[in-house]
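Read the structure below first, then the notes.
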Amino acid sequence: MKKTLLITLSSIVFMQCAKKEDPFLIQKDKIGVLQKEFTIKQIDSVFANDSIVKHVNGDEFTGNYTDIEVYEKGGAHLLSLSPSESLDKNATINIVTLRDSRYKTDKNISLNSTFKDFKTYYEVSKIDRILNNINIEFKNQDFYITISIDELPSAYKFDYSRTIDVASIPDAAKIKSLRLDWF
Numbered sequence: 412m413k414k415t416l417l418i419t420l421s422s423i424v425f426m427q428c429a430k431k432e433d434p435f436l437i438q439k440d441k442i443g444v445l446q447k448e449f450t451i452k453q454i455d456s457v458f459a460n461d462s463i464v465k466h467v468n469g470d471e472f473t474g475n476y477t478d479i480e481v482y483e484k485g486g487a488h489l490l491s492l493s494p495s496e497s498l499d500k501n502a503t504i505n506i507v508t509l510r511d512s513r514y515k516t517d518k519n520i521s522l523n524s525t526f527k528d529f530k531t532y533y534e535v536s537k538i539d540r541i542l543n544n545i546n547i548e549f550k551n552q553d554f555y556i557t558i559s560i561d562e563l564p565s566a567y568k569f570d571y572s573r574t575i576d577v578a579s580i581p582d583a584a585k586i587k588s589l590r591l592d593w594f
């Protein structure tokens, strides 16, 4: 009886330890298995089952960065990664742009969520108007969202001097992009 109980408990503990990490979970300083402190040279091993495309847009003299695009083998665009230093394999990732709606926070928030979903779970800390978009940052989070100015009431679309606050953004506003800043 004791042996059976010991074997059962050992099996349960082993199965819990062997649980696979969710490759689409957004956490502080981490997305799935991708962590903030990883270097560019580690990207190939982190995404070994995916396709990686490295674009060289410039060099360290122009300030342009070498962007890295990550695609699933089936063709779905997963992520865009921007390194802290161009053409440096030891550089870390500064900006992660999520391209796939399967990436979600522990609150089940993703690219398919609306502004209401975000503000329900996260406190807005800053709203910036940038050309035809607004960037919205959240307190104690390393991600921010971009919403098209077209999602706002018409009074905000053409009057650049008008202050945009949380109340002026419709609950149903769609998310244009979701990014993480790992500076």
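In our numbering, the protein residues as written are 412 to 594. We put the beta carbon where it would ideally sit given N, CA and C, even for glycine.
Which of helix, strand or coil DSSP assigns to residue i
{"i": "Glu-562", "result": "helix"}
{"i": "Asp-556", "result": "The sequence given here has Ile at residue 556, not Asp. Strand."}
{"i": "Val-444", "result": "coil"}
{"i": "Lys-579", "result": "Rather than Lys, the amino acid found at residue 579 in this sequence is Ser. Three-state DSSP puts Ser-579 in a helix."}
{"i": "Thr-503", "result": "strand"}
{"i": "Ser-456", "result": "helix"}
{"i": "Ile-410", "result": "This structure does not reach residue 410, given that the chain is present from 412 up to 594, and the question cannot be answered."}
{"i": "Glu-471", "result": "Confidence is the limiting factor: at Glu-471 the pLDDT is only 49, short of 50, which leaves the residue's position unreliable and the question unanswerable from this model."}
{"i": "Phe-398", "result": "Because the chain in this structure spans residues 412 to 594, residue 398 falls outside the shown range and cannot be described."}
{"i": "Lys-431", "result": "coil"}
{"i": "Lys-537", "result": "strand"}
{"i": "Phe-594", "result": "coil"}
Buried or exposed (CB count within 10 angstroms, at least 16 for buried), residue i
{"i": "Tyr-555", "result": "buried"}
{"i": "Val-481", "result": "buried"}
{"i": "Tyr-571", "result": "exposed"}
Cβ distance (whole Å) where residue i is taken to contact residue j below 8 Å
{"i": "Asp-528", "j": "Ile-520", "result": "5 Å"}
{"i": "Asp-576", "j": "Lys-568", "result": "No, Asp-576 and Lys-568 are not in contact; Cβ-Cβ is about 16 Å, not under 8 Å."}
{"i": "Thr-557", "j": "Lys-587", "result": "5 Å"}
{"i": "Ile-437", "j": "Thr-516", "result": "5 Å"}
{"i": "Ser-559", "j": "Asn-543", "result": "7 Å"}
{"i": "Arg-513", "j": "Phe-435", "result": "4 Å"}
{"i": "Asp-582", "j": "Thr-503", "result": "That belief does not hold up - the Cβ atoms of Asp-582 and Thr-503 are roughly 36 Å apart, past 8 Å."}
{"i": "Asp-553", "j": "Asp-440", "result": "7 Å"}
{"i": "Ala-566", "j": "Arg-573", "result": "7 Å"}
- Task: Evaluate the contact criterion for the region 485-496 versus the region 508-515: three or more CB pairs, one atom per stretch, below 8 Å.
- Result: Contact holds: three or more Cβ-Cβ distances are below 8 Å.
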